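Residue numbers (my numbering), protein chains in the order written: chain F, 882 to 1182; chain B, 882 to 1182. This report concerns only the one structure given below.
There are 2 protein chains.
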Amino acid sequence: MVSCSAPGKIYLFGEHAVVYGETAVACAVELRTRVRVEVADSVIIQSQISRTGLDFEKHPYVSAVIEKMREFVPFEGVSITVDSEIPVGSGLGSSAAVTIASIGALNELFGCGLSLEEIATVGHEIEIRVQGAASPTDTYVSTFGGVVTIPERRKLKTPDCGIVVGDTGVFSSTKELVANVRQLRETYPELIGPLMASIGRISKLGESLVFAGDYSSVGRLMNVNQGLLDALGVNSLELSDLIYSARAAGAFGAKITGAGGGGCMVALAAPEKCTAVAEAISAAGGEAIITGPTEQGLRVE
Amino acid sequence: MVSCSAPGKIYLFGEHAVVYGETAVACAVELRTRVRVEVADSVIIQSQISRTGLDFEKHPYVSAVIEKMREFVPFEGVSITVDSEIPVGSGLGSSAAVTIASIGALNELFGCGLSLEEIATVGHEIEIRVQGAASPTDTYVSTFGGVVTIPERRKLKTPDCGIVVGDTGVFSSTKELVANVRQLRETYPELIGPLMASIGRISKLGESLVFAGDYSSVGRLMNVNQGLLDALGVNSLELSDLIYSARAAGAFGAKITGAGGGGCMVALAAPEKCTAVAEAISAAGGEAIITGPTEQGLRVE
């Protein structure tokens, strides 16, 4: 039996603009998906959702991983148990984490010999296969952990402070939001182009502030980034309420993480402020999770 | 006895950026301050606030107007009654409206012979004298009415749709907000400079859309402008709630008007949507006022 885990991620800066080649900064967080694998007579996939065999509807990522890993080492039966702390479908990279943890666990169990680079690449292929399109960010950050600039992949100092995630519980379609932003950009290229560039500039300024450990300024730039996300039309009443409540409770900064329109926001806060920030998020109607950045990507448990 | 009125205004686009020379678009609204004047034995100023003589604390604008108008035609006693529909201190130009209406009324009563241009100029001088600093926008728009680009002073077609103002009831200091934006701009000139330019670009795009009568697109750009105001740090939880509620109720667009941090938001809406938008603003905790653009600036009643 082998057990592996891989983390989710948040964006400190740059979502949406990264689609147009601008720099973003992603940060692995200590919310993990654990995958336990052992040899069995047939394929069994067990998760919070259900217990299935190879099932591309209910367990598309794990099923695709099994199929892919059989190309490296042919195997038949395997029992896979998935256990995740990452809210699903809210921009925290839950699908990347289950994909990377599954690849890692099968890689160990069957001695496929994939390197971390190869695991990240295979993970990205699987996300593309299941979703039709996917950025390599989620799988990369889930594999390697830490704080990483995209697309340059410079690893930054992991911030020594807390992260509070607030889930609005509102469903949003990443595909639709990305399409809406594209349409806005096509309608007003001379306006939205420079806004995308401004987000890229925030990421680059933010990068040096993360290096310097100046979290107060990192938070201030997260707030500016949030305004630009609002300008792109991906904010919502619910997100805005959680964001303003987190800031009022003393967070360094707070913004949407991921596609927006619903899903999650994220606040950066001094460790001693995290409880107050989480309580403020809860009071504003969100589900709050206190976590923090993590250096650790895929790991054998 | 003479009675004059002058309107308040909202910003369709460009507040804050206009401080740095970018284009803004202001729009006179059918919320008016009425000033009735008649010759009396002494100076009597009567308003919702109190009944005083020449009083630079309680009635600074009207008192300054009296003093100034005496330079044109020496007069002694006058009774001035002020009645205003414009919420005070919330970025709707209430001080400009009372100033312009007072100048207009005294100009009529005592035959001072000031032209509209001169009235606007004197009004601006009085605002500077009372406040220490003032943009010429409020007094200009209150004098001439209509939709006007700043600083170019091109007059646009007056939109054929409703305007709903939502007052958060939260006090905010324009001086402080302008100073905060300046400080952010000084800290990150390479970031905030282009954001100011983007707001100016919105005003210019918006200008042609107002000309074309494309209110749906005007509203969409108001929303982009709102995100940039949020990025500048002048949004608040209360403003955001009213703004998102107005949009959800079918407004073309909604944004802060004026300095932000509290004060008022404004929604542009089709006439048949105004009631629903106003109800949504009320339900979200704001005080809603349904009004509309007006061609009429200073007028004798």
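We put the CB at the ideal spot given by N, CA and C, even for glycine. Note that the structure is a prediction, hence the values are computed from the model and not measured.
Member of the options whose CA lies at the smallest distance from the CA of residue i
{"i": "residue 999 of chain B", "options": "B:950, B:1045, B:959 and B:973", "result": "B:950"}
{"i": "residue 1142 of chain B", "options": "B:1035, B:1020 and B:896", "result": "B:896"}
{"i": "residue 1032 of chain F", "options": "F:1040, F:1038, F:1039 and F:1022", "result": "F:1022"}
{"i": "residue 1063 of chain F", "options": "F:884, F:883, F:888 and F:898", "result": "F:898"}
{"i": "residue 1046 of chain B", "options": "B:1148, B:886 and B:907", "result": "B:1148"}
{"i": "residue 957 of chain B", "options": "B:1024, B:1169, B:1036 and B:987", "result": "B:987"}
{"i": "residue 974 of chain F", "options": "F:888, F:1011 and F:1095", "result": "F:888"}
{"i": "residue 1138 of chain F", "options": "F:918, F:954, F:971 and F:911", "result": "F:971"}
{"i": "residue 1128 of chain B", "options": "B:1010, B:1107, B:926 and B:1074", "result": "B:1107"}
{"i": "residue 1059 of chain B", "options": "B:977, B:1098, B:1096 and B:1014", "result": "B:1014"}
{"i": "residue 977 of chain F", "options": "F:902, F:1157 and F:943", "result": "F:943"}
{"i": "residue 940 of chain F", "options": "F:1007, F:1003, F:1001 and F:1076", "result": "F:1007"}
{"i": "residue 1096 of chain F", "options": "F:1056, F:1081, F:1132 and F:1061", "result": "F:1132"}
{"i": "residue 890 of chain F", "options": "F:1024, F:1011, F:900 and F:936", "result": "F:1024"}
{"i": "residue 1068 of chain F", "options": "B:1105, B:1069 and B:1078", "result": "B:1105"}
{"i": "residue 997 of chain B", "options": "B:1125, B:982, B:1169 and B:1011", "result": "B:982"}
{"i": "residue 984 of chain F", "options": "F:1158, F:1169, F:945 and F:1055", "result": "F:945"}
{"i": "residue 1117 of chain B", "options": "B:1098, B:1099 and B:1145", "result": "B:1145"}
{"i": "residue 1167 of chain B", "options": "B:1180, B:1179 and B:1124", "result": "B:1124"}
{"i": "residue 908 of chain B", "options": "B:1040, B:1179, B:1180 and B:1002", "result": "B:1040"}
{"i": "residue 1154 of chain B", "options": "B:1175, B:1126 and B:1180", "result": "B:1126"}
{"i": "residue 1003 of chain B", "options": "B:952, B:964 and B:1048", "result": "B:952"}
{"i": "residue 1049 of chain B", "options": "B:1159, B:1056, B:948 and B:1009", "result": "B:1159"}
{"i": "residue 1011 of chain B", "options": "B:948, B:964 and B:1180", "result": "B:948"}
{"i": "residue 964 of chain B", "options": "B:1079, B:1109 and B:917", "result": "B:917"}
Under 7 Å from the C-beta of residue i: neighbouring residues of chain B
{"i": "residue 1114 of chain F", "result": "1104"}
{"i": "residue 1083 of chain F", "result": "1072"}
{"i": "residue 1021 of chain F", "result": "Per Cβ cutoff of 7 Å: no residues; residue 1021 of chain F is ~27 Å from chain B at best."}
{"i": "residue 995 of chain F", "result": "Near residue 995 of chain F there are no residues of chain B at all, since even the closest Cβ is about 41 Å away, more than 7 Å."}
Cβ distance (whole Å) where residue i is taken to contact residue j below 8 Å
{"i": "residue 1177 of chain B", "j": "residue 1026 of chain B", "result": "5 Å"}
{"i": "residue 1065 of chain B", "j": "residue 1113 of chain B", "result": "7 Å"}
{"i": "residue 980 of chain F", "j": "residue 927 of chain F", "result": "That pair is no contact at about 17 Å."}
{"i": "residue 993 of chain F", "j": "residue 954 of chain F", "result": "5 Å"}
{"i": "residue 910 of chain F", "j": "residue 1172 of chain F", "result": "5 Å"}
{"i": "residue 913 of chain B", "j": "residue 966 of chain B", "result": "6 Å"}
{"i": "residue 1130 of chain B", "j": "residue 1169 of chain B", "result": "Going by Cβ atoms, the distance from residue 1130 of chain B to residue 1169 of chain B rounds to 10 Å, so no, they are not a contact pair."}
{"i": "residue 1081 of chain B", "j": "residue 933 of chain B", "result": "Not really, about 42 Å apart at Cβ, beyond 8 Å."}
{"i": "residue 1075 of chain B", "j": "residue 1075 of chain F", "result": "6 Å"}
Contacts of residue i in chain F (Cβ-Cβ under 8 Å)
{"i": "residue 1122 of chain B", "result": "1118, 1121 and 1122"}
Exposed unless 16 or more other CB atoms sit within 10 angstroms - verdict on residue i
{"i": "residue 930 of chain F", "result": "exposed"}
{"i": "residue 882 of chain F", "result": "exposed"}
{"i": "residue 924 of chain B", "result": "buried"}
{"i": "residue 922 of chain F", "result": "exposed"}
{"i": "residue 902 of chain F", "result": "exposed"}
{"i": "residue 1111 of chain F", "result": "buried"}
{"i": "residue 1136 of chain F", "result": "buried"}
{"i": "residue 969 of chain F", "result": "exposed"}
{"i": "residue 1152 of chain B", "result": "exposed"}
{"i": "residue 1174 of chain B", "result": "buried"}
Contacts that residue i makes with chain B (C-beta to C-beta distance below 8 Å)
{"i": "residue 1107 of chain F", "result": "1111 and 1112"}
{"i": "residue 1126 of chain F", "result": "1118"}
Interface partners of residue i on chain B, CB under 9 Å
{"i": "residue 955 of chain F", "result": "Within 9 Å Cβ-Cβ: nothing; residue 955 of chain F doesn't reach chain B, min ~53 Å."}
Sequence-distant residues of its chain with Cβ nearer than 8 Å to residue i (five each side left out)
{"i": "residue 1102 of chain F", "result": "894, 1083, 1086, 1087, 1090 and 1134"}
{"i": "residue 1037 of chain B", "result": "906, 1027, 1028, 1029, 1030, 1088, 1091 and 1092"}
{"i": "residue 1005 of chain B", "result": "1015, 1017, 1020 and 1021"}
{"i": "residue 919 of chain B", "result": "882, 883, 959, 960 and 990"}
{"i": "residue 1163 of chain B", "result": "1169"}
{"i": "residue 1115 of chain B", "result": "897, 1058, 1061, 1062, 1137, 1140, 1141 and 1142"}
{"i": "residue 1099 of chain B", "result": "893, 1040, 1087, 1090, 1091, 1133, 1134 and 1149"}
{"i": "residue 938 of chain B", "result": "none"}
{"i": "residue 1094 of chain F", "result": "1038, 1040 and 1041"}
Cross-chain neighbours of residue i in chain F, by beta carbon under 7 Å
{"i": "residue 1076 of chain B", "result": "1079"}
{"i": "residue 1069 of chain B", "result": "1086"}
Close Cβ partners of residue i (< 7 Å) along its chain, the five nearest in sequence each way excluded
{"i": "residue 1182 of chain F", "result": "884, 885, 886 and 915"}
{"i": "residue 1077 of chain F", "result": "898, 901 and 903"}
{"i": "residue 1165 of chain F", "result": "1122, 1123 and 1126"}
{"i": "residue 936 of chain F", "result": "926 and 944"}
Beta-carbon proximity list for residue i, same chain, < 6 Å, skipping 5 on both sides
{"i": "residue 1051 of chain F", "result": "1119 and 1143"}
{"i": "residue 995 of chain F", "result": "988"}
{"i": "residue 1055 of chain F", "result": "1140"}
{"i": "residue 1001 of chain F", "result": "1020, 1021 and 1024"}
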